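**Q** Numbering (our numbering), first residue to last: -3 to 618. C-beta atoms are modelled at their ideal positions from N, C-alpha and C, and glycine is treated no differently. As the structure is a computational prediction, the values presented were derived from the model and not from experiment.
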Amino acid sequence: MFGEEYDVIVVGGGHAGAEAAAAAANLGSKTLLVTMNLQNIGQMSCNPAMGGIAKGQIVREIDALGGYSGIVSDKSAIQFKMLNKSKGPAMWSPRTQNDRMRFAEEWRLMLERTPNVDFYQEMVSGLLVENHKVVGVKTSLGIDIKSKAVVLTNGTFLNGLIHIGEKQFGGGRAGEKAATGITEQLLELGFESGRMKTGTPPRVDGRSLDYSKMIVQPGDAIPEKFSYTNTKPLAHQRDCHMTHTSALVHDLLREGFDRSPMFNGRIKSLGPRYCPSIEDKINRFSDKDSHQMFIEPEGWETVEVYVNGFSTSLPEDVQFKALRSVVGFEKVKFFRPGYAIEYDYFPPTQLKHTLETKLVENLYFAGQINGTTGYEEAASQGLMAGINAHLKLKEENPLILKRDEAYIGVLIDDLITKGTEEPYRMFTSRAEYRTLLRQDNADLRLTPLSHSIGLSTDSRMKRMEQKLEQSEALVNFFKETSVLPKDINPIFESVDSSLVKQSDKMYKAFSRPNVTMDHMLQLDAVSNYIKENNFDGEILEQAEVQIKYSGYIAKEKVNADKLHRLEAVKIPANFDYSKLKSLSFEAREKMTKIQPVTISQASRISGVTPSDISVLLVYLGR
-3 MFGEEYDVIV VGGGHAGAEA AAAAANLGSK TLLVTMNLQN IGQMSCNPAM GGIAKGQIVR
57 EIDALGGYSG IVSDKSAIQF KMLNKSKGPA MWSPRTQNDR MRFAEEWRLM LERTPNVDFY
117 QEMVSGLLVE NHKVVGVKTS LGIDIKSKAV VLTNGTFLNG LIHIGEKQFG GGRAGEKAAT
177 GITEQLLELG FESGRMKTGT PPRVDGRSLD YSKMIVQPGD AIPEKFSYTN TKPLAHQRDC
237 HMTHTSALVH DLLREGFDRS PMFNGRIKSL GPRYCPSIED KINRFSDKDS HQMFIEPEGW
297 ETVEVYVNGF STSLPEDVQF KALRSVVGFE KVKFFRPGYA IEYDYFPPTQ LKHTLETKLV
357 ENLYFAGQIN GTTGYEEAAS QGLMAGINAH LKLKEENPLI LKRDEAYIGV LIDDLITKGT
417 EEPYRMFTSR AEYRTLLRQD NADLRLTPLS HSIGLSTDSR MKRMEQKLEQ SEALVNFFKE
477 TSVLPKDINP IFESVDSSLV KQSDKMYKAF SRPNVTMDHM LQLDAVSNYI KENNFDGEIL
537 EQAEVQIKYS GYIAKEKVNA DKLHRLEAVK IPANFDYSKL KSLSFEAREK MTKIQPVTIS
597 QASRISGVTP SDISVLLVYL GR
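1. For the beta strand (DSSP E) containing R600, list its first residue and its last residue.
2. For the region 272 to 360, list the beta strand (DSSP E) runs that are entirely contained and at least 3 residues long, ordered along the chain.
3. Does F290 pass the burial test, meaning 16 or more other C-beta atoms within 10 Å, or should it be called exposed?
4. Ends of the beta strand (DSSP E) at V113?
5. In chain order, which beta strand (DSSP E) runs of at least 3 residues are fully inside the region 196 to 267?
6. Pick helix, strand or coil for K129, following the three-state DSSP scheme.
7. Any chance the region 185 to 202 sits against the region 338 to 351, with 3 or more Cβ pairs inside 8 Å?
8. Assuming E292 contacts N80 (C-beta within less than 8 Å), just tell me the rounded distance between them.
9. Alpha carbon to alpha carbon, how far is R434 from S467? Give it in angstroms, no decimals.
10. According to DSSP, H159 sits in a beta bridge with which residue or residues?
11. Evaluate I218 with the Cβ neighbour count: other Cβ atoms within 10 Å of its Cβ, from every protein chain shown; 16 or more gives buried, anything less gives exposed.
12. Is it true that the region 525 to 542 meets the region 467 to 476, where meeting means three or more beta-carbon pairs spaced less than 8 Å apart?
13. In chain order, what residues of the same chain lie with their CB nearer than 7 Å to the CB of L519, ignoring the 5 residues before and after it?
14. Rounded to a whole number of angstroms, what is the C-alpha to C-alpha distance between G132 and L28?
15. Is the Cβ-Cβ distance between A318 and L248 less than 8 Å?
16. So A100 is in the alpha helix (DSSP H); what residue range does that whole segment cover?
17. Per DSSP, which residues does P90 bridge with? Please list them.
18. Tell me where the alpha helix (DSSP H) around S65 begins and ends.
19. Give me, in chain order, the residues of the same chain whose beta-carbon lies closer than 8 Å to that of S490; leave out the 5 immediate sequence neighbours on both sides.
20. Take M119 as the anchor and find which of N127, A21 and F153 has the nearest alpha-carbon.
21. Answer yes or no: the CB of L536 versus the heavy atoms of the ligand SAH, is any distance below 7 Å?
22. For a test of the three-state rule: what should DSSP assign to K414, helix, strand or coil?
23. Please determine, among A16, G(-1), I5 and A60, the residue with the shortest C-alpha to C-alpha distance to T443.
24. How should K264 be labelled, buried or exposed, when 16 other C-beta atoms within 10 angstroms of its C-beta is the threshold for buried?
25. For M460, which option in F331, A45, G9 and S223 has the closest C-alpha, if you only look at C-alpha atoms?
26. Please work out which residues of its chain come closer than 6 Å, Cβ to Cβ, to E102, disregarding the five sequence neighbours upstream and downstream, and give them in chain order.
27. Per DSSP, I141 forms a beta bridge with which residues?
28. Check the DSSP bridge columns for A45 and list the partner residues they point to.
29. Give the range of the alpha helix (DSSP H) segment to which I549 is assigned.
30. Which two residues bound the contiguous beta strand (DSSP E) that contains L28?
31. Buried or exposed for V113, please, with buried defined as at least 16 other CB atoms from any protein chain shown within 10 angstroms of its CB.
32. Have a look at F316, Q542, K51 and I535 and flag the residue whose alpha-carbon is nearest the alpha-carbon of Q462.
33. Would you please state the rounded distance, in angstroms, between the beta carbons of L395 and N384? I believe it to be under 8 Å.
34. If we ignore side chains and look at the alpha-carbon of each, how far apart do R332 and G47 end up?
35. With a threshold of 8 Å, are at least 3 pairs of Cβ atoms found where one atom belongs to the region 369 to 380 and the other to the region -1 to 16?
36. Assign W296 to one of two classes, buried (16 or more other C-beta atoms within 10 Å of its C-beta) or exposed (fewer than that).
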């Protein structure tokens, strides 16, 4: 059945696996996606939503690179929100609420329509390795499938253990068995592994809730979308709702703490710091009598509801009793209780920036196996692993995104350089150059890179070039066109800004605080120019950001150029740090383990000091 050799085998059909398979196949590699259940390709294991703070930027970047997550999100969305609009554009983050069933269906159908992708439903129990090089996989039925490269995207399935109160059982997700064999083999090959934990809240029957007691959370009045392709924005949306826990709810939950696997020692691994369980929140923030809960519908038609903010592994009777004391949940009916899950991961310092492992050639890790949490983080790693697996097989240069080029670059560099001992989640604060890495310019940053390797299509590239040309034209219009005091002063007066006595360029007027594009559109010259050129809202937004934040953008570019100079200083492969006695012991130990490729990467390793970097620079003749 598998007589021929594949170029790339992707193990696992979650967000990382789906993007890896799509990327490798679209680049021309003959690809096999092996997963334990083909019905669960692209499954949203936790909340039915994509994007959010920094995560929305990642989805836009995946789309700009030619990935599918943005398209699937748009096609299955039931609500769209641009978060943080009250802050600067570096913080704006798109987010969709999604129809869980349609999301998985869209992923499956898009992959089935992708040439070069084959599918097989079975558990992969091991790897075929010869001379420290992967040559295929072995399935639980004993079938050997040969390939030139393998991408492991096992999610929470590697020796997964589900906890509900004092009960525990093997599983990678509710109703699905754990994957065994791979961890044990990787350990034999010399890899280090660890355990992590994540959790999910109860799912409840929306017909049993009283929404009249909750606060409505509507989508944006004018919804946008994720993808830079021709997907359609939402014509109508479903509301979410918000309610709160109370001191009574907290007391009821505390009654079950002695049976909580988090507190009785059954769970020994670390969970996500920034997405804690409700019992962890009560314990860590004991001074708070209330926590927010967001009530999120699971789709257009289904009555199933996701209780965001109530992730828990407490006994099911405790969950039920406490949730019935939440406002609006007095008559709640459960579809299923919340649970925690522990699983194996492999510290990502064992990887190269391409996500290829250092120990086994042509073996790539992507997603939660690398210690990350979140659909978006996983999908971006899958995309990059699929791309780089293909490029290596074709003996072409790898695609490695820099920290000033993409959040994806920050994510992978953080993992490879710093490692992680708790589930890694992306935040805007992790990026030094977030003014450059905005959600509105992901296509301008990344489409040319993707097009150069053959992943982004000519039509995508043409659309990006048109956007760049139009936005630059509009900025130049503001720079070259003057405005009279009698025309601009009414606008200044409306925003409490000082008036002017002589004409000046529109660019200068627009640069003032509180003056927006809506204000400038009140000027006939501006509105007429925009109508004549048929500029859409995306062009107006891009021009406004470029004008209002030009100083910040220029400053970050200067800082990024300094970083690039350090990136240009390469460290020889397998460099012997022990011979540099002037390095601190910690620096020698950590750099020997991580083997940084450049001085810049070495400087980001935890424990490596500026004086250590100076020693290295002197030795390298810099």
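**A** Inspection of the coordinates gives the following:
1. Within the sequence shown, numbered from 1, the residue matching residue 600 stands at position 604. Run containing R600: none; DSSP gives neither H nor E here.
2. 288 to 293, 300 to 304, 330 to 332 and 335 to 341
3. Here residue 290 refers to the residue found at position 294 when the sequence shown is read from its first residue. The residue in question, F290, is buried, as its Cβ has 16 or more Cβ neighbours within 10 Å.
4. The sequence position of residue 113 within the sequence shown is 117, counting from 1. V113 -> beta strand (DSSP E) spans V113 to Q117.
5. 199 to 201, 211 to 213 and 236 to 240
6. If you number the sequence shown from 1, residue 129 lands on position 133. Strand, per DSSP.
7. yes
8. On the sequence shown, residue 292 is found 296 positions in, with the first residue counted as 1. On the sequence shown, residue 80 is found 84 positions in, with the first residue counted as 1. The Cβ separation is near 19 Å, so there is no contact.
9. Working through the sequence shown from its first residue, we reach residue 467 at position 471. Working through the sequence shown from its first residue, we reach residue 434 at position 438. Cα to Cα, S467 sits roughly 15 Å from R434.
10. Along the sequence shown, read from residue 1 onward, the residue named residue 159 stands at position 163. DSSP lists Q164 and A336 as partners of H159.
11. By 1-based counting over the sequence shown, the position of residue 218 is 222. When all chains shown are included, I218 counts as exposed.
12. yes
13. Taking the first residue of the sequence shown as 1, we reach residue 519 at position 523. Cβ neighbours of L519 beyond the five flanking positions: V479 and D483.
14. Within the sequence shown, the letter at position 136 stands for residue 132. Within the sequence shown, the letter at position 32 stands for residue 28. Straight-line Cα distance between these residues: approximately 11 Å.
15. Indexing the sequence shown from 1 puts residue 318 at position 322. Indexing the sequence shown from 1 puts residue 248 at position 252. For A318 and L248, yes; Cβs fall inside 8 Å.
16. As a first step, residue 100 must be located in the sequence shown, where it is residue number 104. Segment R96 to E108, the alpha helix (DSSP H) holding A100.
17. Here the question's residue 90 lines up with position 94 in the sequence shown. In DSSP, P90 forms a bridge with M78.
18. Locating residue 65 in the sequence shown gives position 69, counting from the first residue. Run containing S65: S65 to S72, per the alpha helix (DSSP H) assignment.
19. In the sequence shown, the residue the question calls residue 490 occupies position 494. Contacts found: H515.
20. Counted from its first residue, the sequence shown places residue 119 at position 123. That would be F153, whose Cα lies nearest to the Cα of M119.
21. Annotation note on the ligand SAH: not contained in the displayed structure, which lists no ligands.
22. As a first step, residue 414 must be located in the sequence shown, where it is residue number 418. Correct three-state label for K414: helix.
23. The residue you call residue 443 lines up with position 447 of the sequence shown. Nearest C-alpha to T443: A60.
24. Residue 264 sits at position 268 when you count from the first residue of the sequence shown. K264 comes out exposed.
25. In the sequence shown, counting from the first residue as 1, residue 460 sits at position 464. The shortest Cα separation from M460 among F331, A45, G9 and S223 belongs to S223.
26. Locating residue 102 in the sequence shown gives position 106, where the first residue counts as 1. Only V68, K71 and S72 meet the Cβ criterion.
27. One-based indexing of the sequence shown puts residue 141 at position 145. BP columns for I141 point to V133.
28. The residue given as residue 45 occupies position 49 in the sequence shown. DSSP output for A45 lists Q93 as bridge partner(s).
29. As a first step, residue 549 is located in the sequence shown; it is residue number 553 there, counting from the start. That run of the alpha helix (DSSP H) goes S546 to E563.
30. Within the sequence shown, the letter at position 32 stands for residue 28. Counting along the chain, the beta strand (DSSP E) containing L28 begins and ends at T27 to T31.
31. Within the sequence shown, the letter at position 117 stands for residue 113. The residue is buried, with at least 16 neighbouring Cβ atoms inside 10 Å.
32. Your numbering for residue 462 matches position 466 in the sequence shown. Comparing Cα-Cα distances from Q462 to each of F316, Q542, K51 and I535, the minimum goes to I535.
33. Here residue 395 refers to the residue found at position 399 of the sequence shown. Here residue 384 refers to the residue found at position 388 of the sequence shown. About 6 Å separates the two Cβ atoms, so the contact holds.
34. Your numbering for residue 332 matches position 336 in the sequence shown. Your numbering for residue 47 matches position 51 in the sequence shown. In a straight line, the C-alpha of R332 is about 25 Å away from that of G47.
35. yes
36. Numbered from its first residue, the sequence shown carries residue 296 at position 300. Under this definition W296 is an exposed residue.
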